[in-house]
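Protein chains: 4
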Amino acid sequence: MIIVMRPDATAEQVDHVADLINEAGLKPHPIQGTDLYVVAVIGDDRLKDSSKFEQVPGVDRIMRVLSPYKMAAAETKPGERTQVRIGQGSGCVFGGTNIPVIAGPCSVEGEDKIIEIARLVKDAGAHALRGGAFKPRTNPYAFQGHGEDGLKMLAAAREETGLPIVTEVLTPADVELVAKYADCLQIGTRNAQNFKLLEAVGETDKPVLFKRGMSMTLDEYLQAADYILAAGNPNVILCERGIRTFENHTRNTLPLASVPELKRRSHLPIVVDPSHGTGHAYLVPDMSRAAVAAGCDGLAIETHQDPSHAMTDGAQSITPTVLKELMDSLARVAEAVDRTCLPLSTV
Amino acid sequence: MIIVMRPDATAEQVDHVADLINEAGLKPHPIQGTDLYVVAVIGDDRLKDSSKFEQVPGVDRIMRVLSPYKMAAAETKPGERTQVRIGQGSGCVFGGTNIPVIAGPCSVEGEDKIIEIARLVKDAGAHALRGGAFKPRTNPYAFQGHGEDGLKMLAAAREETGLPIVTEVLTPADVELVAKYADCLQIGTRNAQNFKLLEAVGETDKPVLFKRGMSMTLDEYLQAADYILAAGNPNVILCERGIRTFENHTRNTLPLASVPELKRRSHLPIVVDPSHGTGHAYLVPDMSRAAVAAGCDGLAIETHQDPSHAMTDGAQSITPTVLKELMDSLARVAEAVDRTCLPLSTV
Amino acid sequence: MIIVMRPDATAEQVDHVADLINEAGLKPHPIQGTDLYVVAVIGDDRLKDSSKFEQVPGVDRIMRVLSPYKMAAAETKPGERTQVRIGQGSGCVFGGTNIPVIAGPCSVEGEDKIIEIARLVKDAGAHALRGGAFKPRTNPYAFQGHGEDGLKMLAAAREETGLPIVTEVLTPADVELVAKYADCLQIGTRNAQNFKLLEAVGETDKPVLFKRGMSMTLDEYLQAADYILAAGNPNVILCERGIRTFENHTRNTLPLASVPELKRRSHLPIVVDPSHGTGHAYLVPDMSRAAVAAGCDGLAIETHQDPSHAMTDGAQSITPTVLKELMDSLARVAEAVDRTCLPLSTV
Amino acid sequence: MIIVMRPDATAEQVDHVADLINEAGLKPHPIQGTDLYVVAVIGDDRLKDSSKFEQVPGVDRIMRVLSPYKMAAAETKPGERTQVRIGQGSGCVFGGTNIPVIAGPCSVEGEDKIIEIARLVKDAGAHALRGGAFKPRTNPYAFQGHGEDGLKMLAAAREETGLPIVTEVLTPADVELVAKYADCLQIGTRNAQNFKLLEAVGETDKPVLFKRGMSMTLDEYLQAADYILAAGNPNVILCERGIRTFENHTRNTLPLASVPELKRRSHLPIVVDPSHGTGHAYLVPDMSRAAVAAGCDGLAIETHQDPSHAMTDGAQSITPTVLKELMDSLARVAEAVDRTCLPLSTV
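Protein chains in written order, with the numbering used here: chain P, 1 to 347; chain S, 1 to 347; chain B, 1 to 347; chain X, 1 to 347.
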């Protein structure tokens, strides 16, 4: 931590700051600059509320130096990247050379429909099936999902196709239930700082697809990932799904530079969701290709047999036909960046 | 809903859209403009995923007309404003002429300390005591609050001072426990779209201080308020606490225009939190005055005996001395806008 | 400047950074922390591109310590605030106890209309007349203003009413012309980093009403103000007019905390424009009151005889009747914060 | 335009709105919905200030239907994309199958250095040379560029290498001078709504590399492009360079979905600037690849012989060695999306 003193701070004020630093069990290191003093603070201040020094007389502001996350940090696994497998014995592994694709509808709408789409996305080359049984809806009067019935439908679709299933859990009380059926628990953007839920999924042995909060910085995101890791679950898959900005032509702004940046800061694999990241099916193929070129470790793509009749997220769902063409195209882009995007059957 | 067709849409495509509208149980109303067609859709489409029409051939985009919230809307109580009382028989009422102030520390740090600050803020003229027992911390390694012990300390402070207490609840499983002690349940910004938690507090009979999510539009905010209202709890107090923007001199940007806008759209009272809204104690007094002048129905102000030793949020906590001066000043501003900011003892 | 080294940086890399600092004429001050090294740099680095050190092997990132602006900084005039008078011998002074109001239409629409509105806003108690002769329109096909004819109409309105006039200048080539007629030159938000224009108005002796760019940080804003000051013109009036955020219920988000923050950092007076700051006439009175309560030194309010027939900005213009009521109300709020908002005639 | 009436609007108020629409030379089309009236307005309202209807009694809000831009719109050239060549007889063409790369330093630092870097980027495979002679610096005390001398140095570098040159112009008075030397005029992000400058470059016959404003929506961006096009210059190259958001790990957020969206809305070619789009050299290669995969028509990449000694933008400049490797990699990605990124010599 660096404490920047005001230009008019007195020597007594600098001494007082130094005393407080010592009192906090850290070591002060005052440096007189040309125009002002700074006090560098040595020692691990990650656990402390360093902001409080801002109120000490003569202090102008506080600058943090240490990253506030630990277990998610690249430094904890030098030269190594975490690989997360979804589905026992499955070839759906995130964080290796191959780039798996999670496809499926926003909501599980019925058993026949989820089995049908599971077959279609598998034929298209997808590696896992997504579908919401518990839906976090902005509008309280909108369809909230089929709940446990939806989970059973997903399990039936897995039975039929062999695809591992990814589905969202909304609240700690449902974690056990969802973990009973799912191969991977999804944490949605609105729950990205629902710390009790993060702890709850951290206590399971199921992989977690952890979506970035729509207004989270990367520092905040990796700290939140630490909640899951610190609870004992090492199988965290990060997921960039777009952030909230002033842009209004897309549902969110998809900031792909977070992909190489997260790979630089963390050992965790990083998936991109171009469906929520744009909100428009016509932008999904280009942004999927861009995500692969940017170095992502997987994709999550909303896919529906008949988007214009989808119960939720119709505007951003692509069809299985588009997905199939896209998979071929992704394989070519992956190859251009020395990766692969091979179908589940071949990995 | 207005469906805007592409300039090159064919008559058949317009007819097809009209058919789909009919099929959805709504009524299409096509209008040929100079450059393009629009199809106005009549009927309540609030429950529908209207976005799906975007994928129909010939459609350019969808524009919503109806507000997506209902129970929170001003239209449901024409000419009337909801008043919410915190604490049985207490004079701490939000939504009337008087403007109550909720004051207290970020965290409950110990029994003596919370009782001391309760006395100090009461003396300063505050109407309710805030303090966190369960803390949602961005950093998993930071102090997480004293839990039920903290709730008991708050109850002791209420016992001593008569001030009603406001404290945060983080997860549905804790709602019953927190409601046993608290006079008002706080929902924090990170849980503003934790819909299961909103439903859980909606099922209690305790008033809810519901903070705006830091990247929520007002439409989203009022829909989320509908979750609480629809669960049966009419006592919702809205709270503007700042939004996330590119600004970096404050912790959040405090957009006070949301105060008159929320009063225009909703019958619910609206409180402002200038502490989180700025992140700096030195900005709190000016922004508290501005909030009152903008028409707010209450304030929530972090107050600590010794901010430079606070366990959390030290930078943004004011002292009881500053609070006392501020209360006098707020009374003058309130009077200038035909409101009052009278101490609890006198209301 | 603080140079934060990577955790795995070698001693040689720290030495190399120190050499480069010395080479740049600054003084390195390496400090070994628990987890990493930082190198504090002593000496004025405001003129240097310090970002380049980021590319030196072993460096993680750079943190600036010194404020990048100089002449606009509060430190250059300790304990003193700049006062700017608009109009020779006029009582329209920004930065003193009284809070002047600049009112008038977005565009000068014709001579009779500008004289009429000038009389009306003067009667309502306003201190200066605004009106655009050169309009920066987002849309190239929209009305661009009456140019020099518009300036003459403004001069005629001043002649009739004695109100000093404020009008925008768009490009360096027009500065001389606009300065011939205007009492105060306005720089619009879209030109806030048009540095050649800032220099050009800095070379005149007319006061400048300098609007904040809609996506400018305060650091950038005060640096831009330094362009005008450094060119020799000390009469700069800052103007907060709202920033661009994700919010969509207002045209811009009006972040009033910039008012006390700018007063803390700079000696320049600060005006608020609640018209552009909200985009809706119905929000203007509440936000004007909030701006005064927040400590602003003036207001700029779009006012039109008949907003529903205005050529530009109809939605955000209030009527003279509303302005008159507002002025009475502002006088009360001003008094509550130990300021005044007295009419021109009485100051 | 759609005028949404308030739920409590009277029939008289609807009639009054209809009268005002007629008066404005447009055609009203009232539609009674279940909960409220809307009035659809037929006729070209692009030139009108439709916002003013918001102030008419009974009106809730206004929704625009028509795109406000014209000449930049895809509809004006159905099925056709504009190609822009930089440099007479040069193979540097934007908008075709090949994807040219503009490379070079932020600032022209001296004649020897610019010639050296020109040779190096040409050898690496770049298609054009960039370099600033007039620099728009946020800080008034920072290096402002070599002016006309810098232009001469660029011309010398073109002489030596045959590379066409791209350089920024800051103000209308300099347009003639810069156009005398440059093959392509760059408009920077801070001048993206400097309409007088847009008109001035629109009156030349030189291609314009027109960077998006850092807080511009795409609608605003294409309207600004219309300023150049409407002044008579059809050779506009759009350039996405990142937007301002809450993210702080990059200098800007690079929203690559604007690439396919701009190609959908406009016939103009679109270049991406990953250097300003990220602010960090280590993110440039990945984001360059992502931009090509997203479908961009060109790249602008800051390149410097010795970034840690660059006069400006050192942190985001890559070296010629990195550029050379990147060009090979871009060729592979381009091929994967059925484009090419062939060196200048071969096109």
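Idealized CB from N, CA, C, for every residue including glycine. Computed from a predicted structure; not experimentally measured.
Contact annotation: in the region 10-28 of chain S, residues whose CB is within less than 8 Å of a CB in chain P are Leu20. Distances from the alpha-carbon of lysine 196/P to those of Leu209/P, Asp174/P, Leu330/P and Leu256/P put Asp174/P closest. Beta-bridge pairing by DSSP links phenylalanine 94/S to Val84/S. Threonine 319/S sits away from glycine 104/S, with the two beta carbons spaced by 9 Å or more. When the alpha-carbon of serine 107/P is set against those of Val178/P, Ser275/P and Arg130/P, the nearest one is in Arg130/P.
With contacts defined as CB atoms closer than 9 Å, glutamine 13/B and methionine 5/B qualify as a contacting pair. Here proline 28/B is buried: its Cβ has 16 or more other Cβ atoms, across all protein chains shown, within 10 Å. Taking CB atoms only, aspartate 219/B has a neighbour in chain S less than 9 Å away. Within the region 227-300 of chain S, the runs of beta strand (DSSP E) at least 3 residues long that lie entirely inside it are, in chain order, 236-240 and 270-272.
The Cβ atoms of alanine 18/P and glycine 58/P do not sit closer than 9 Å to each other. About 7 Å separates the CB atoms of isoleucine 86/X and valine 166/X; that is less than 8 Å, so the two are in contact. Rounded to the nearest whole angstrom, the CA to CA distance from threonine 76/P to lysine 70/P is 7 Å. Taking 9 Å as the cut-off, the Cβ atoms of threonine 312/P and phenylalanine 53/P do not count as close.
Counting only the Cα atoms, alanine 331/X lies some 47 Å from tyrosine 221/S.
Here DSSP, grouped into helix, strand and coil, assigns isoleucine 2/X to strand. With respect to chain B, the C-beta atom of serine 308/X has a partner C-beta closer than 9 Å.
Not flagged as an interface residue toward chain P: tyrosine 181/S, since no C-beta distance is shorter than 9 Å. Within the region 55-75 of chain X, Met63, Val65, Leu66 and Glu75 place their CB atoms closer than 8 Å to a CB of chain S, listed in sequence order. Annotated three-state conformation of valine 178/X is helix, per DSSP. The distance from the Cβ of methionine 63/P to that of serine 215/S is about 25 Å, inconsistent with a contact at the 8 Å cut-off. At a cut-off of 9 Å between beta-carbon atoms, threonine 34/P makes contact with chain B. With contacts defined as CB atoms closer than 9 Å, isoleucine 187/B and lysine 211/B qualify as a contacting pair. In the structure shown, glutamine 55/S adopts helical secondary structure according to DSSP, grouped into three states.
Between the alpha carbons of glycine 147/S and asparagine 252/B lies a gap of roughly 41 Å. Taking 9 Å as the cut-off, the Cβ atoms of isoleucine 99/B and leucine 262/B do not count as close. CA-to-CA, the gap between glutamate 325/S and alanine 124/S works out to about 8 Å. Contact check for histidine 267/X and arginine 61/X: beta-carbon distance about 32 Å, past the 8 Å limit, so the pair fails to qualify. For the region 256-271 of chain B, no residue has a beta-carbon sitting nearer than 7 Å to a beta-carbon of chain P.
Our two residues, serine 308/S and leucine 185/S, have alpha carbons roughly 28 Å apart in a direct line.
If the five residues before and after threonine 278/X are omitted, its C-beta is found closer than 8 Å to the C-beta atoms of Gly242, Thr250, Arg251, Asn252, Leu254, Val284, Met287 and Gln316, all from its own chain and listed in chain order. In this structure, DSSP gives threonine 10/B a state outside helix and strand, which the three-state scheme calls coil. Straight-line spacing of the CA atoms in valine 41/S and leucine 26/S works out to 7 Å. By the neighbour-count definition (other C-beta atoms within 10 Å, threshold 16), glycine 89/X is an exposed residue. At least one CB atom of chain X sits nearer than 9 Å to the CB of proline 7/S. In the DSSP annotation of this structure, the continuous segment of the alpha helix (DSSP H) that includes arginine 158/X starts and ends at 148-161.
Look at proline 78/S: its C-beta is under 9 Å from a C-beta on chain X.
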